[in-house]
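Undergrad: Questions regarding the structure given below will be posed in turn.
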Amino acid sequence: MRREPIVNVAKDRVVSVTYHITDERGEPLERIDLPVSFVYGDNSGLYPRVNEALEGLEEGESIAVELSPEDAFGAWDPQLTFSDRIENVPPEYRRIGAEADFMNDRGESRKFVVTHVDSGSVTLDGNHPFAGKKLTFHITVVKIRAATAQELENGVSQTPGAMSS
10 MRREPIVNVA
20 KDRVVSVTYH
30 ITDERGEPLE
40 RIDLPVSFVY
50 GDNSGLYPRV
60 NEALEGLEEG
70 ESIAVELSPE
80 DAFGAWDPQL
90 TFSDRIENVP
100 PEYRRIGAEA
110 DFMNDRGESR
120 KFVVTHVDSG
130 SVTLDGNHPF
140 AGKKLTFHIT
150 VVKIRAATAQ
160 ELENGVSQTP
170 GAMSS
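Dropping the structure here:
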């Protein structure tokens, strides 16, 4: 008896996708051309609306899913930005794009990025770069296969390029 190939996205299948993300003006923000794989289901680590939109798609199909800031990286939070006098900041953090990890009193770590430097101060922002933005995820399903017992147990694809949930 011949088994039918796995052809659509469904729970407990390993799905490999490529994608790119654009903002509301259509400007590209991120592009992943090498397939990323994950075990599809409730714990796939995908945004719920993306997860729902993928269900039932077949290999080779593409979709575009619009997400509000609340459905994606959240609203931009002004409390996650702060400025300090430049003389209080180590020299390696006195350039735009420099990254610093800060830990709160509960032991939680957050990455901050230097977003502004002038002669008197440095500004850091702990928001995700896509926070506050309406995004469109353009996704193409590249491959679908049955998940192995180990993949189902761990919730992680063993395919190179796999996402962990």
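Residue numbers 10 to 174, in the numbering used here, belong to the letters of the sequence shown in order.
Just so it is clear, CB atoms sit at the ideal spot from N, CA and C, and this is done for glycine as well.
Source: prediction; values computed, not measured.
1. Which word fits PHE146, buried or exposed, when buried means at least 16 other C-beta atoms lie within 10 angstroms of its C-beta?
2. Would the segment 98-106 and the segment 118-135 be scored as touching if the rule is three or more Cβ pairs under 8 Å?
3. Hey, quick one: how far does the beta strand (DSSP E) through PRO99 stretch, first residue to last?
4. For HIS176, which residues of its own chain have a beta-carbon under 8 Å away from its beta-carbon, when the five flanking residues on both sides are left out?
5. Along the beta strand (DSSP E) that carries ARG154, what are the first and last residues, could you check?
6. What's the gap between the Cα of ALA19 and the Cα of SER166?
7. Do you know how far the Cα of GLY135 is from the Cα of VAL45?
8. Using C-beta distances below 7 Å, list every residue in its chain close to ALA9, excluding the 5 sequence neighbours before and after it, in chain order.
9. Using a Cβ-Cβ cutoff of less than 6 Å, which residues in the same chain neighbour LEU89 once the five nearest sequence positions on both sides are dropped?
10. In whole angstroms, what is the alpha-carbon distance linking PRO87 and PRO138?
11. Kindly indicate which residue of GLU68, VAL122, VAL98 has the alpha-carbon position closest to the one of ALA107.
12. Where does ASN136 fall in DSSP's three states?
13. To which residues of the same chain is TYR56 closer than 7 Å at the C-beta, ignoring the five residues directly before and after it?
14. On the premise that LYS142 lies in contact with PRO78, defined as a C-beta separation below 8 Å, what is that separation, rounded to the nearest angstrom?
15. Along the alpha helix (DSSP H) that carries ALA62, what are the first and last residues, could you check?
16. DSSP on GLU108, reduced to helix/strand/coil?
TA: Result, derived from the coordinates:
1. The residue you call residue 146 lines up with position 137 of the sequence shown. That one is buried.
2. yes
3. Mapped onto the sequence shown, residue 99 falls at position 90. Element bounds for PRO99: n/a, residue is neither H nor E.
4. It is not possible to answer for residue 176, since the shown part of the chain is limited to 10 through 174.
5. Here the question's residue 154 lines up with position 145 in the sequence shown. Looking at the DSSP string, the run of the beta strand (DSSP E) that includes ARG154 is 144-155.
6. Position 10 of the sequence shown, counted from the start, is the residue given in the question as residue 19. Position 157 of the sequence shown, counted from the start, is the residue given in the question as residue 166. Cα to Cα, ALA19 sits roughly 14 Å from SER166.
7. Along the sequence shown, one-based indexing puts residue 45 at 36. Along the sequence shown, one-based indexing puts residue 135 at 126. Looking at the two C-alpha atoms, the distance is approximately 26 Å.
8. The displayed coordinates of the chain run from 10 to 174. Any statement about residue 9 would go beyond what the structure contains.
9. Residue mapping note: residue 89 aligns to position 80 of the sequence shown, counting from 1. GLY135, ASN136, listed in sequence order.
10. Position 78 of the sequence shown, counting from 1, holds the residue named residue 87. Position 129 of the sequence shown, counting from 1, holds the residue named residue 138. The alpha-carbon separation between PRO87 and PRO138 amounts to approximately 13 Å.
11. Position 98 of the sequence shown, counted from the start, is the residue given in the question as residue 107. Of the candidates GLU68, VAL122, VAL98, the one whose C-alpha sits nearest the C-alpha of ALA107 is VAL122.
12. The sequence position of residue 136 within the sequence shown is 127, counting from 1. The answer is coil: DSSP assigns ASN136 none of H, G, I, E or B.
13. For the purposes of this step, residue 56 is taken as residue 47 along the sequence shown, with counting starting at 1. Close CB contacts of TYR56 within its chain, under the 7 Å cut and outside five residues either way in sequence, are with LEU76, ASP80, ALA81 (chain order).
14. Mapped onto the sequence shown, residue 78 falls at position 69. Mapped onto the sequence shown, residue 142 falls at position 133. The Cβ separation is near 6 Å, so the contact holds.
15. Here residue 62 corresponds to residue number 53 of the sequence shown, with the count starting at 1. Unbroken alpha helix (DSSP H) run through ALA62: 57-63.
16. To locate residue 108, count along the sequence shown from 1; it is residue 99. In this structure, GLU108 counts as strand in the three-state DSSP scheme.
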